[in-house]
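Counting with the UniProt record's numbering, you get residues 1 to 607 for the letters of the sequence shown. C-beta: ideal position from N, C-alpha, C; glycine also. Since the structure is predicted, the reported quantities are computational estimates derived from the model, not experimental observations. A quick write-up on the structure given underneath.
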Amino acid sequence: MKFWKGFFRLLSSLQWKLVYIFISMCIILVSVVYVVINTGLQNIYYDSFANSIETGYKNWIDVRGGVPESNQKLSEYFTEGGDALFFGANSSYLGMTIIDLTKIQTSTGGILYSSEKGYTDDSEAFANNIKTSESLMSIWAGNQPQKNDRLIKGANGKYFEYIKQPKDNLIFYFTYQEEAWLPILEKFNYLILTSALIAVFLSLLLGYMLSKTITSPIISVMHKAEKVAEGDFGEQLAVKSEDEIGNLTRTFNYMASELKKTLSEISSEKNKVETILNYMADGVIAFDLKGVAIHANPAARKLLGNDVVNNPFKEFAVKVGLDVRIEDIVYFEESPVRESDTILNDMYVKVYFAVFTDTNKKPEGIIVVLHDDTEQQKLDSMRREFVANVSHELRTPITSIKSYTETLLEGAMEDQETSVRFLSVIDSEADRMTRLVKDLLQLSRLDNQQMNWKMESVSLDAIVKAIVERLQIEAQRKQQKLESYVIGDIPAISADKDRLEQVIVNLISNSIKYTSENGEITVYVGIIYNDIYVKVTDTGIGIPSESLPRVFERFYRVDKARSRDMGGTGLGLSIAKEIVQAHGGTINISSEIGKGTEVTVKLPRAV
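Take a look at the structure:
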């Protein structure tokens, strides 16, 4: 079955169609030659037949001196005198019949003489048969003789007829049998048929060869096109001619080259888009107009889970808590982008909807972008809290200053002891405001990277020893034990000495403040891997575990009243963390209520 399918497919190919065209042209040409030659030969024989009659008639008239008046005499000329020889009527192929039109309707048919064999065999049947001649009947009806070069089919074969009318009621009727020239015509036809077969064979051979020269490059282009369709561009086709086929090959090579370039660009752009989608933080999901999810990036799957992402749009909208339909977005939105907010798994998520279209601006679906806005919400909350804390921290000393100032103005200044005490409070509150503003200014510079860092090679163990020595008096006031230990040889580090001192002073001061009397504060300096660390431990009151993640937040206080009474601004640890991170280090804190706190600062060695 496959063989025959392949065979018929081969026969229906362009190459064989061209061969068919060549063969058809050859057959048509041979057929035309056949018709022309056959018709031409018939015309030649008819003209020869007619000319011989006219010549014989002229000679007969010359010899006899004209047509005799008596039909009896005329009959004698032909029956006894052999006048039929003038017309060649003694031949078995050329017959002559003389008819008296006045007696044509009689049983004899008015025949005066006939050289036809049929007349000799059965004169009555012959007479009836001759009356079927249309030309003869036309003359009998009064018309003039007309040339009739058509072959007439008779009982004994085909023949030409020719009519001569010597006088009104007299007809010379001649017939010329096809058998006279049929052998010659058959030889011609045999030659034509033989030539036709040879021509068909040659046209088959030459047509196949010629069509192959035409179709071979086309087949090469076709095979190349199939490879291009499979993505195999390979080498270009060789241009072997400068004709239309060559131009086709050249054009195809150019098309393949441009297609390869275009596909490469499309692939590159696709890879870029896929990379962007795969690594972007926002989730992206694409739905077609039927609501079927056609693409989702990893961020969307991580944010929502595969079950939600793979749902139809209607179920997706319900699960993310949005009352929206695709039709509303595609056809009824005035803005090209629609924005909504929702909460998913305790996360604040902004959802953006946009329509994507084809090249004709016809909508094909929608893109859903999911942006995790949780951090921004936290930042906004922290910002609001920060503003509230700053306002509160400033309002408290301002209120105190305002109250004591008003009291003094109302007469308390007359009491020396009271005025001194009030002024001392005002001074203390002013110092507190100064520290707060100073800390805020420093934080602002750290946030905006406007700090003027004075980086130099410093010895961390020396800095720690000096600070411990300086804060001994403060520790001794609370009968605390403040010690420092240096473990190993500590290499120098690259740091801003003043800022580093600020961090260590803050950590040790906090330990002194929040450690009760007779407590212990120990400071360690050592090396761990490629970092140098400073660890401050105490036996203080400790920090609740729920507060540990927030101790580095600005204005955060574990015990607000106690911290404020001790003169703290709530910004010390925040500033310390910013300074340590600016030096490429880390700061960590661990604590347990009633047992104490441990703060560790790690800084990289100097390069």
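According to the DSSP assignment, residue 578 belongs to the alpha helix (DSSP H) that extends over 572 to 582.
The stretch 172 to 181 makes contact with the stretch 85 to 102: 3 or more CB pairs, one atom from each, lie closer than 8 Å.
When the beta-carbon positions are compared, residue 75 and residue 113 come within less than 9 Å of each other. Under the DSSP definition of a beta bridge, residue 157 partners with 154.
Residue 207 and residue 255 have their C-alpha atoms spaced approximately 31 Å apart. In the same chain as residue 46, and ignoring 5 residues on each side of it, the C-beta atoms closer than 7 Å to its own belong to 149, 160, in chain order.
Residue 577 is a Cβ neighbour of residue 552, given a cutoff of 9 Å.
Pairing residue 128 with residue 154 gives a Cβ-Cβ distance that is not under 9 Å. Fewer than three beta-carbon pairs drawn from the stretch 297 to 307 and the stretch 325 to 332 are found closer than 8 Å, and the two stretches are therefore not classed as touching. When the five nearest sequence neighbours on each side are left out, the beta carbons in the same chain lying within less than 6 Å of the beta carbon of residue 588 are those of 600, in order along the chain. For residue 290, the secondary structure class from DSSP, reduced to helix, strand or coil, is coil.
Residue 25 places its beta carbon 9 Å or farther from that of residue 195. Where residue 178 is concerned, there is no enclosing alpha helix (DSSP H), because DSSP gives it neither an H nor an E. The beta carbons of residue 356 and residue 326 sit no closer together than 9 Å. For residue 37, same chain residues with a beta-carbon under 7 Å away, outside a window of 5 residues either side, are 188, 192 in chain order. Within the same chain, Cβ atoms closer than 7 Å to the Cβ of residue 504 are found at 463, 464, 467, 534, the five residues on either side in sequence being excluded.
A contact between stretches requires three or more CB pairs, one per stretch, nearer than 8 Å, and the stretch 77 to 89 fails this requirement with the stretch 103 to 110.
Under the 10 Å beta carbon count, residue 583 is surrounded by 16 or more other beta carbons and is classified as buried. A distance below 6 Å between beta-carbons, with the five flanking residues on each side excluded, links residue 56 to the following residues of its chain, in chain order: 86, 87. With a cutoff of 9 Å on beta-carbon distance, residue 405 and residue 426 are scored as near each other. For the pair residue 530 and residue 470, the CB atoms are not nearer than the 9 Å cut-off.
The Cβ atoms of residue 199 and residue 35 do not sit closer than 9 Å to each other. For residue 123, the enclosing alpha helix (DSSP H) covers residues 123 to 130. In the DSSP assignment, residue 457 falls within the beta strand (DSSP E) that extends over 455 to 458. Per DSSP, the beta-bridge partners of residue 97 are 114, 173.
In this structure, the CA atom of residue 27 is about 26 Å from the CA atom of residue 216.
Exclusion of the five residues before and after residue 89 leaves 96, 115 as the residues of its chain whose Cβ lies within less than 6 Å of its Cβ.
Between residue 586 and residue 343, the alpha-carbon positions lie close to 33 Å from each other. Contact check for residue 579 and residue 532: beta-carbon distance about 15 Å, past the 8 Å limit, so the pair fails to qualify. Pairing residue 485 with residue 523 gives a Cβ-Cβ distance under 9 Å. In this model, residue 499 and residue 430 are separated by some 24 Å (Cα to Cα). Residue 280 sits in coil when the DSSP states are folded into three classes, being neither helix nor strand. The three-state reading of DSSP puts residue 599 in strand, counting E and B together.
It is roughly 46 Å from the alpha-carbon of residue 514 to the alpha-carbon of residue 279.
For the pair residue 293 and residue 273, the CB atoms are not nearer than the 9 Å cut-off. Secondary structure of residue 80 (DSSP, three-state): coil.
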